[in-house]
Amino acid sequence: PSASSGEKKKFVVGYSQSNNAEPYRAQLNLQLQHFLKKYPDIELLPIADAKQSSATQVSQVQNFITQKVDALIVSPTEPAPLTAAVQQACDAKIPVIVLDRTVNTDCYTAFIGGDNVLIGRKAGEEAVRLLPDGGNVVELRGIMSNQPQIDRDKGFREAVAANPKIKIIADREGKWLKEQATPIMQQWLAQHQQIDLVYGHNDPMALGAYLAAQAAGRADKIKFIGIDGLAIPDGGIRAVQLGQLSATFIYPTGAQEAADTVNKVLHGQQVDKKQVLGTTQVTKDNAAELYKQFDLSGQN
Amino acid sequence: MTTVKTAPPVKAPGESRMRRTLSALGAAQAYIGLVLILAVGIATKGEMFLNETNLTNAIGAFASRGILAVGVTLVILTGGIDLSVGSLLGIASMTAAMMLAKFSLEPWQIVPVCMVVGALFGFLNGAGTAWLRIQSFVMTLAMLSVVRGLDRQVSDNVSVGTQIAGPDGKLTPQAEAFQLFGTPGHNLFDRIYYPVLAFIVVCVVFHLILTKTRFGRHVYAVGGNPTAARLSGVNVTAVTIAVFTLSGMLAGFAGPIDAAYSASADPQAGQSFELDAIAAAVIGGASLAGGKGTIAGTFVGALILTLLDNVLGLNAVSDNWQLVIKGLIVVVAVVLQRPDLFKIFRGGSRS
Amino acid sequence: MTTVKTAPPVKAPGESRMRRTLSALGAAQAYIGLVLILAVGIATKGEMFLNETNLTNAIGAFASRGILAVGVTLVILTGGIDLSVGSLLGIASMTAAMMLAKFSLEPWQIVPVCMVVGALFGFLNGAGTAWLRIQSFVMTLAMLSVVRGLDRQVSDNVSVGTQIAGPDGKLTPQAEAFQLFGTPGHNLFDRIYYPVLAFIVVCVVFHLILTKTRFGRHVYAVGGNPTAARLSGVNVTAVTIAVFTLSGMLAGFAGPIDAAYSASADPQAGQSFELDAIAAAVIGGASLAGGKGTIAGTFVGALILTLLDNVLGLNAVSDNWQLVIKGLIVVVAVVLQRPDLFKIFRGGSRS
Amino acid sequence: MTTVLAMRAIGKSFPGVRALDGVSITVAEGEVVALLGENGAGKSTLMNILAGVFKDYEGEIEIGGEVAHIHSPKDARRHGIAMIHQELNLVPELSVADNIFLGRERAILDRGATEARTAELLRGLGLDLSPGTLVKQCKIAERQLIEVAKALSQNVRVLVMDEPTSALADAEVRRLYEVIRDLTGRGVAVIYISHRLEELQEIADRVVVLRDGQYIGERTGINRDELIQMMVGRPLGEMFPRADGDTEGEELLRVEGLCVPGDRDTGRTALRDISLTVRSGEIVGVAGLMGAGRSELLESIFGAHRPSAGAISLHGAPYRPRSPKQAIDRGVALVAEDRKAQSLVLGNSVAFNASLSSLGRYLRFWTVDRRREGTAVEQQVRALRVKTPGLRFTVGNLSGGNQQKVVLAKWLLTAPSLILMDEPTRGIDVGAKAEIHALMSSLAAEGKGVLVASSELPELLAMCDRILVLCEGRITAEFPRGQATQEAILEAAMARQQETM
Ligand SMILES: Nc1ncnc2c1ncn2[C@@H]1O[C@H](COP(=O)(O)OP(=O)(O)OP(=O)(O)O)[C@@H](O)[C@H]1O
Ligand SMILES: Nc1ncnc2c1ncn2[C@@H]1O[C@H](COP(=O)(O)OP(=O)(O)OP(=O)(O)O)[C@@H](O)[C@H]1O
Ligand SMILES: O[C@@H]1[C@@H](O)[C@H](O)OC[C@H]1O
Ligand SMILES: [Mg+2]
Ligand SMILES: [Mg+2]
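Residue numbers (my numbering), protein chains in the order written: chain A, 1 to 300; chain B, 1 to 351; chain C, 1 to 351; chain D, 1 to 501.
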């Protein structure tokens with residue numbers, strides 16, 4: 001709607017990120033900056049970090065409205081809290097691109113995000129493949145109230161139901177953090193003689209569990225599956241290459257799509273309102289190639 | 001008996017005027033930090049910063065924490081600390097959302113219930129501190145954990161939305177009304193943003209309680225010297241329990257505001273709000289040793305915190321640097337607004 | 001005038017023996033909370049709980065926070081508080097990982113540098129508290145924010161791994177050695193888990209410093225009665241700066257341990273560790289009013305916290321109920337291990 | 001004799017207060033110089049300057065003929081100056097030995113040596129305390145002696161004692177004199193501050209008088225009336241203005257068989273089988289040695305401790321106070337022993353403290369009526385001649401004696417019918433003491449009952465209609481007015497029941 005300003009030289013875009021300090025989101029930020037650079041008439045303001053607080057994020061969105069940005073990108077902490085703020089932006093005629101997690105209103109320009117139920121299901125299918133004779137699975141969950149956690153759990157359980165001999169014998173909240181996952185896994189190893197597979201809702205948790213299993217000398221008897229597949233030295237793709245994870249699934253950041261969408265919107269072009277992104281399974285075979293594809297180091 | 005020169009409050013005529021001026025200046029100094037931030041805001045962003053919407057937004061975002069800060073100030077004045085307020089706000093916001101979602105209760109029914117829930121847990125904090133004589137830091141830290149656990153359990157770790165649609169697809173009248181508690185863009189009488197109003201009213205009420213009532217005096221006495229307070233006839237136990245209960249009650253009051261603001265009750269809502277609340281009180285001059293502090297100070301402290309965020313945000317400072325600058329400015333503000341500022345640099349003696 | 005015999009307070013011979021017994025019992029009582037948790041652990045999980053690996057794992061997971069707790073205890077003893085230790089651990093762990101990843105430095109080069117980095121920030125905390133006379137709560141809260149901002153800035157918000165492979169695809173010798181700092185499964189002399197050893201050594205060293213040295217006395221004096229300390233010629237400013245510097249230094253020392261434990265330095269590492277550290281000290285009997293507390297107490301407090309987690313985890317208690325039960329047990333433990341436990345229930349008067 | 005110390009033209013200002021103005025004094029080797037002056041005259045301030053408490057001041061200090069720059073306690077110690085402060089300054093959580101050697105420890109503690117030395121010092125003062133005892137377990141008089149021991153443990157040239165005896169009973173005072181004489185015999189110069197003129201007569205070689213922060217003069221021969229004249233600027237009437245009281249009034253307080261358990265942690269004495277009465281219009285004294293349980297008795301009547309047996313009645317009705325609040329509601333007041341720890345909220349104002357116990361009287365529509373409160377407080381402050389720059393002045397910055405008057409004001413404002421006074425004139429100057437005595441008399445004349453514990457026997461002998469003597473928590477004697485003598489009281493005070501223990 002704001003594309004009418006034809007004589008404008010430069011468009012200003014604001015982006016509110018729910019928490020910079022998660023590797024996945026740091027990568028998203030990096031990619032977004034990278035892809036937006038391709039459009040010289042678009043200026044991305046410093047990314048606003050809500051540090052996991054909805055209240056902070058709401059006021060960030062309001063700040064951007066106050067600053068009269070030409071377009072707004074939001075990665076909500078949770079759907080509900082950001083709904084009213086996004087509505088306010090929409091009322092102020094600012095196009096809003098919602099990234100990764102949704103909001104409960106239709107008044108936005110585009111939603112771009114992965115399908116976590118799908119990713120969970122793929123992870124489950126991989127588990128079924130890895131455990132043809134069934135086995136014991138433990139599940140490290142993200143922050144319990146986060147939508148990706150709920151969806152990744154749901155998809156996974158649906159998929160492993162295919163083999164009734166696969167049992168999820170324990171699950172706990174690892175809060176997306178590596179450091180939380182290690183002691184939990186240590187306790188599971190003490191409790192359970194047989195653990196065949198660890199499903200971590202993200203790579204850091206899966207890797208935290210891997211550390212514990214390796215220490216107990218049981219890593220080679222256990223398969224590890226993670227999610228995110230970041231192309232960073234400390235990320236999931238490398239871990240698959242090193243054989244620490246059996247598989248991980250790329251949780252697409254949507255940065256490239258977001259950049260394209262913003263550009264189109266600012267120039268009055270039509271965009272798809274809902275852009276659901278697929279996932280790619282990272283295996284030993286495609287890891288090197290995928291890493292190269294997504295590696296941004298040295299490009300910014 | 002004979003007329004002595006030791007004489008009652010004798011004041012040299014000029015002296016008292018000078019003194020009044022000085023003490024007024026001293027009082028004004030308490031606002032220097034705030035004024036500084038306002039000045040920077042206006043200088044850098046002018047009208048964009050200094051307009052009703054922006055200020056309302058900024059204060060509204062902090063209002064629920066500001067209300068917690070008032071309760072925490074009471075506790076700090078008695079020499080205690082309350083780390084549980086964030087959790088209490090969380091469970092109150094969950095209570096509010098559930099009452100709305102499950103029973104379609106009206107806002108005026110929801111608020112008192114939330115306040116009672118908060119007050120109840122607050123009472124337990126007070127009882128543990130006063131009767132079992134557990135250090136309030138431990139007691140309220142334990143409460144933080146217990147209440148967060150309960151909150152997550154009753155909600156099944158799922159956030160509960162407050163924008164509840166009726167069969168006609170439109171919001172129910174109760175949900176519609178609930179938005180007035182602070183869902184951004186919803187104002188009382190189309191003008192007044194309730195969180196800001198509520199914060200100010202809470203400040204005024206508790207300012208009056210602390211400065212005008214016997215209870216207020218007792219709060220200061222308990223924090224200043226509990227032994228002397230007890231021997232002066234103050235019921236130290238009752239005052240202690242009362243401040244924790246009030247702090248809990250205020251957290252309960254802030255719960256629905258937080259739920260409306262987020263249009264949902266997140267089982268994590270309020271997490272780490274206690275630090276912001278305590279920071280507001282302490283930046284406002286409250287001493288964690290007890291006996292020293294005011295609601296006006298806490299109000300200023302809250303404004304400093306939220307306007308600082310706002311100014312940095314409007315100036316599009318990057319987030320990492322925001323953290324750095326925020327820390328530095330808080331230190332500067334605290335130093336500047338100290339009444340004995342000049343003494344420090346003169347290297348005056350301290351006792 | 002009359003030569004009076006001032007007759008010294010007479011003590012019955014048996015009395016002092018009874019007194020000694022009582023005070024030894026009193027000391028034993030400080031461990032009741034811990035003993036209780038051990039008992040529950042053994043009763044419910046027997047050998048699964050009570051074996052070297054499990055206990056090592058449990059203590060190892062807490063070791064870095066335990067080390068922070070020792071530093072925080074020093075600060076608390078002087079009547080201050082240090083909220084920045086979590087951030088300091090974070091930046092130290094990032095420093096360690098970067099020194100390893102970028103410059104392939106040896107562990108023995110990394111640790112001192114991290115300690116210096118921590119000590120430097122700690123010194124600033126102390127300077128702000130002692131010289132600018134900012135309440136330590138505000139000063140260290142500001143530092144928490146500043147240091148976290150710097151940490152995120154230098155790391156670009158990306159975690160830095162410590163398992164660095166050389167061109168041959170195997171870990172570099174430095175990375176290999178770095179693992180000994182606490183990557184699970186890597187032990188010194190194939191037996192000793194460094195984080196546990198480091199925690200115990202830190203406790204012993206600081207126990208000795210506090211009980212056997214002049215500096216230790218001065219720490220207690222400054223917290224117990226700063227005026228008296230100053231009038232006795234204690235350099236209150238120097239002691240204050242020293243405890244904050246030491247606390248920072250210990251956070252720096254804990255940094256590499258944390259990085260090794262996770263085989264990476266996360267820009268969020270150490271977040272909210274300060275609460276755990278303070279909780280360990282306070283559960284161990286330290287008084288936030290200053291002057292009261294011991295390293296032995298803090299050690300017990302740390303064990304209570306981590307073993308409680310362990311026992312609940314091994315018993316597969318759900319995450320939500322863990323929060324609830326943890327809060328309750330901490331309260332019970334604190335009440336049980338109070339030396340004046342019985343007085344409370346006798347309703348003895350207090351002054 | 002050679003001059004060891006000279007303070008020249010010393011001046012010091014606090015915000016709103018000129019505490020000292022051009023004061024000079026000199027002290028010679030082996031001499032005891034007494035500093036005398038009303039409350040707030042500036043005595044403590046002058047000595048605090050000498051002890052390095054204040055960083056800045058005007059004037060100059062010479063030690064042994066050379067200019068000494070004293071701006072910190074460390075400087076003072078380096079010049080061989082030690083001071084026993086008026087307000088006790090010990091660290092409660094540390095042991096007696098640790099307190100005595102605080103600031104002078106070796107880098108690595110040598111506990112054995114310090115404890116041995118401490119035991120020796122304590123023995124010299126007649127104090128049988130184990131060096132490892134925590135100070136928080138010591139009684140207030142013991143603490144004062146620990147302060148003395150702390151000062152003595154240093155190698156001093158000049159020893160300043162700011163009211164070292166205010167918490168001590170006669171016997172301990174005597175012991176202290178012996179110690180002082182021993183010190184002066186070895187050439188130590190002593191500056192001694194006290195409001196007990198009798199003490200000065202006995203111990204001081206010379207008396208220097210201050211008034212309103214100024215040097216007024218000095219005398220070698222101690223002439224009581226002249227000193228008072230110099231001090232307060234006017235002659236003072238009779239010291240103990242009391243005629244025989246009304247011993248026939250109706251019974252106000254009756255205590256029967258009261259027992260209160262002791263408390264080892266705080267060093268509280270147990271009370272055993274106490275019975276007593278106080279009539280309206282009567283002043284009853286309580287005498288006893290340190291730790292006899294005088295404070296404990298008053299505090300128990302005030303509801304601060306829970307009795308294990310016994311009955312109390314007030315105005316003929318049963319009275320079982322479970323807290324000070326209940327006692328106050330029944331018209332009982334307690335002027336406690338330790339004003340700093342037990343009576344005042346030091347960081348708050350004079351008005352705040354004075355009205356704290358009587359706020360209920362000024363309530364209007366749930367709020368405290370500031371005007372009525374201010375009027376009432378102002379009236380008391382005037383009547384008691386509290387020297388303060390204003391009602392909003394921080395009470396902690398008043399001189400010790402004026403703080404005590406604020407405590408009295410607080411209790412008078414509750415309009416009590418029974419006043420319990422624990423060392424009410426501690427640290428009070430002669431003029432004010434006379435005023436407080438007059439106040440006690442007039443309270444009694446108004447039909448109130450007064451129960452007063454004091455370590456100053458002359459005060460008790462002059463003021464009381466009856467004197468009870470406590471020893472080890474028991475009443476060992478009772479003397480009606482006129483029959484009591486110092487000797488008889490002391491004997492009863494030492495009637496220990498060692499065989500029963
Ligand atoms: N820290 C301070 N701040 C402000 N005024 C002070 C301070 N210390 C002392 N004063 C003031 O200085 C004056 C002198 O006080 P000082 O304590 O020296 O009296 P003093 O002679 O020792 O009295 P007393 O016999 O009651 O102990 C008093 O008016 C007092 O209020
Ligand atoms: N700093 C203090 N804080 C609280 N209470 C104190 C303090 N100092 C002394 N007390 C109280 O004073 C009393 C100690 O004196 P006690 O009653 O045993 O003997 P006493 O006859 O009053 O002796 P003294 O001559 O020491 O006053 C205790 O009741 C104690 O609670
Ligand atoms: O790892 C990611 C986590 O940090 C974020 O919060 O949610 C999605 C996850 O994949
Ligand atoms: Mg004095
Ligand atoms: Mg006494």
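Positions of the beta carbon are idealized from the N, C-alpha and C atoms, including for glycine.
For clarity, every value in this text was computed on a predicted model and none was experimentally measured.
- Short of 6 Å from the beta carbon of T140/C, and not among the five residues preceding or following it, lie these beta carbons of its own chain, in chain order: D82, L83, S84, N125.
- When 7 Å is used as the limit between beta carbons, A228/B is near these residues of chain D: Q342, S343, L344, V345, in chain order.
- For E78/A, the shortest C-beta to heavy atom distance toward ligand 3 is 6 Å or greater.
- In this structure, the alpha-carbon of V205/B lies about 19 Å from that of G285/B.
- From the beta-carbon of K410/D, the residues of chain B found nearer than 9 Å are S232.
- Here N163/A is not bridged, per DSSP, to any residue.
- Against chain B, the beta carbon of S93/C has no neighbour under 7 Å; the closest one sits roughly 17 Å away.
- Counting only the Cα atoms, H79/D lies some 8 Å from A68/D.
- Boundaries cannot be given for A51/D, as no alpha helix (DSSP H) includes it and DSSP labels it neither H nor E.
- Inclusion of E147/D and I84/D in the CB contact set at 7 Å is warranted, their separation being smaller than that value.
- For a Cβ distance threshold of 7 Å, residue set P184 of chain C lies close to A212/A, ordered along the chain.
- Around A316/B, the beta-carbon contacts reaching into chain A at under 7 Å are L45, P46.
- By the C-beta density criterion, S297/A is exposed, having fewer than 16 other C-beta atoms within 10 angstroms.
- Residues are counted here when their Cβ sits less than 7 Å from a Cβ of chain D; for the stretch 204 to 222 of chain B these are K212, T213, R214, R217, Y220, A221, given in chain order.
- In this structure, N353/D is the residue among R426/D, V430/D, N353/D, M421/D with its C-alpha nearest to the C-alpha of F393/D.
- Ligand 4 approaches S44/D closely enough that one of its heavy atoms is under 6 Å from the residue's Cβ.
- Proximity of chain C to D234/A at the Cβ level (cut-off 8 Å) is accounted for by V158, S159, V160, G161, S264, in chain order.
- A straight line joining the alpha-carbon of L38/B with that of Q186/A spans about 52 Å.
- Between A71/A and V262/A, the C-beta gap is smaller than 7 Å, which places the two residues in contact.
- Sorted by position in the chain, E22/A, Y24/A, P148/A, W176/A, N202/A, D228/A, Y251/A make up the residues whose C-beta lies under 5 Å from a heavy atom of ligand 3.
- For C259/D, the uninterrupted beta strand (DSSP E) run begins and ends at 251 to 260, by DSSP.
- Secondary structure of A151/D (DSSP, three-state): helix.
- Within the chosen limit of 6 Å, ligand 4 does not reach the beta carbon of G249/D with any heavy atom.
- Leaving aside the five residues that flank T240/C on each side, the residues in its chain whose CB is nearer than 8 Å to its CB run, in chain order, T78, G80, G126, T129, A130, V222.
- Judged by DSSP secondary structure, S155/C falls within the alpha helix (DSSP H) whose first and last residues are 136 to 155.
- Counting the other Cβ atoms within 10 Å of the Cβ of Q174/C gives 16 or more, which makes it buried.
- What A281/B touches in chain A, judged by beta-carbon distance under 8 Å, is nothing: the nearest beta carbon there is about 19 Å away.
- Bridge partners of N136/A according to DSSP: K167/A.
- The beta strand (DSSP E) runs lying completely inside the stretch 70 to 100 of chain D and spanning 3 residues or more are 81 to 84, given in chain order.
- DSSP, reduced to helix, strand and coil, places G33/B within a helical segment of the structure shown.
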